[in-house]
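Trainee: Okay, handing you the structure first.
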Amino acid sequence: MAPTRILTRDEELGVISDDDDSPSGKRSKLDRFPLSRWELAVSLGVFLVFSSGLCCIYMTMPAAEFGKLKLPRSIADLRLLKDNLANYANEYPAQFVLGYCATYIFMQTFMIPGTIFMSLLAGALFGVFKGVVLVVFNATAGATSCFFLSKLIGRPLITWLWPDKLRFFQAEISKRRDKLLNYMLFLRITPTLPNLFINLASPIVDVPFHVFFLATLIGLVPAAYITVRAGLAIGDLKSVKDLYDFKTLSVLFLIGFISILPTILKRKKIVE
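Quick note on numbering: UniProt numbering labels position 43 of the sequence shown as 43, and the sequence is numbered without any gaps.
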């Protein structure tokens, strides 16, 4: 299958400027917002729909001291949030899980930083098994929403933000069409490419949804286990950077290597 050429925004619109090589032309490209009015309206509409659903869920939850609740941005914030939520989660487990899932999926869909703290919180409040199930479910659901949102309006945005990285990703995907699931598993398990980029770029480079979904569902389990397990000892954790030391990264890359081993063996047989 021939790789799909990624068009620039001007090429998509059929606009070619004579002075693109001039300094002013380059400056205008950098300053130009990539989304059209229609695409911006669609993105805002989707955001409002998700926001309204999240607000409705919050409004139906039992009363709490919401002034103490905020998205954690540090380990210290996370410890305070965990203390404030522990009793609430025990008294209203179903409502709390619903609110937790809605918040996690919302953050993942719209690329809001902080989901790693939500994963640590899952370990601190629910333990390893329930925590991993929750994190993998929410991360997969959020990545799926992000995938379809990017499929709708993501091409100009990601081409504008990461043109070189997108070309590299497209070339790698094109070379591995026959064993694409293995390659996507490798990317999900290892920190080779950020998950945010994978979510946005996959529909642009024609990664089939079933491959994207399976790779996300399975590939996020190792990292989710590491993060959730760390949440059990949140009092000893000083920084998020402590989660991924050399030993942890080595284990993730070993698991990732195992996932692409069939591809390597197949290529070796073909060469022979």
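Beta carbons are placed, not taken as given, at the ideal position from N, Cα and C, and that holds for glycine. These numbers were taken from a predicted model, which means no experiment stands behind them.
Give the single residue among Ser52, Cys56, Ile75 whose Cα lies nearest to the Cα of Leu243.
Mentor: Ile75
Trainee: On the three-state DSSP scale, how would you describe Ile198?
Mentor: helix
Trainee: Can you check whether the CB of Lys82 is closer than 8 Å to the CB of residue 273?
Mentor: The requested residue 273 is not part of the displayed model; the chain covers only 1 to 272.
Trainee: Is the separation between the beta-carbon of Leu152 and that of Thr190 shorter than 8 Å?
Mentor: no
Trainee: Label Phe126 either buried or exposed according to how many other C-beta atoms from any shown protein chain fall within 10 Å of its C-beta, with 16 as the threshold for buried.
Mentor: buried
Trainee: Helix, strand or coil for residue 313 per DSSP?
Mentor: Examination of residue 313 is not possible in this model, given that the chain is present from 1 through 272 alone.
Trainee: Could you tell me whether the Cβ atoms of Leu166 and Ile158 are closer together than 8 Å?
Mentor: Yes, the pair counts as a contact, with Cβ atoms nearer than the cut-off.
Trainee: Label residue 311 either buried or exposed according to how many other C-beta atoms from any shown protein chain fall within 10 Å of its C-beta, with 16 as the threshold for buried.
Mentor: Residue numbering for the chain in the displayed model covers 1 to 272; residue 311 lies beyond these limits and cannot be assessed.
Trainee: When DSSP labels each residue in this structure, what does Phe110 get in the three-state scheme?
Mentor: coil
Trainee: Quick one: is Val49 buried, meaning 16 or more other Cβ sit within 10 Å of its Cβ, or exposed?
Mentor: exposed
Trainee: Kindly confirm or deny that the segment 95-109 and the segment 203-222 touch, where touching means at least three C-beta pairs closer than 8 Å.
Mentor: no
Trainee: For my contact list, Met61 and Gln95 are in at a C-beta cut-off of 8 Å; report their separation, rounded to the angstrom.
Mentor: 5 Å
Trainee: At what residue ranges does the segment 132-182 contain a whole run of the alpha helix (DSSP H), taking only runs of 4 or more?
Mentor: 163-175
Trainee: I need the DSSP call for Ala224, collapsed to helix, strand or coil.
Mentor: helix
Trainee: Kindly indicate the opening and closing residues of the alpha helix (DSSP H) around Met118.
Mentor: 115-126
Trainee: Near Ala201, which residues of its chain fall below 7 Å by C-beta distance, leaving aside the five closest residues on each side in sequence?
Mentor: Ile158, Leu166, Phe169
Trainee: Tell whether a beta-carbon distance below 8 Å holds between Leu134 and Leu78.
Mentor: no
Trainee: Do you know how far the Cα of Val132 is from the Cα of Phe257?
Mentor: Whole-angstrom Cα-Cα distance: 22 Å.
Trainee: Going by DSSP in three states, Ala233 sits in which element: helix, strand or coil?
Mentor: coil
Trainee: For the alpha helix (DSSP H) holding Ala63, just list the boundary residues, first then last.
Mentor: Neither: Ala63 is in no alpha helix (DSSP H) and is coded neither H nor E.
Trainee: Locate the alpha helix (DSSP H) running through Leu243, then write down its first and last residues.
Mentor: The continuous stretches of alpha helix (DSSP H) do not include Leu243, and DSSP gives it neither H nor E.
Trainee: Let me know if Asp21 comes out buried or exposed under the rule of 16 or more other beta-carbons within 10 Å of its beta-carbon.
Mentor: For Asp21, the pLDDT reaches just 45, beneath the cut-off of 50, and the residue's location in the model is therefore unreliable, although a value from the coordinates is still provided. So Asp21 counts as exposed.
Trainee: With Leu71 and Gly114 assumed to form a contact (beta carbons below 8 Å), what rounded beta-carbon distance in angstroms separates them?
Mentor: 5 Å
Trainee: If you follow the alpha helix (DSSP H) that Val207 is in, where does it begin and where does it stop?
Mentor: Looking at the DSSP string, Val207 is not in any alpha helix (DSSP H), and its letter there is neither H nor E.
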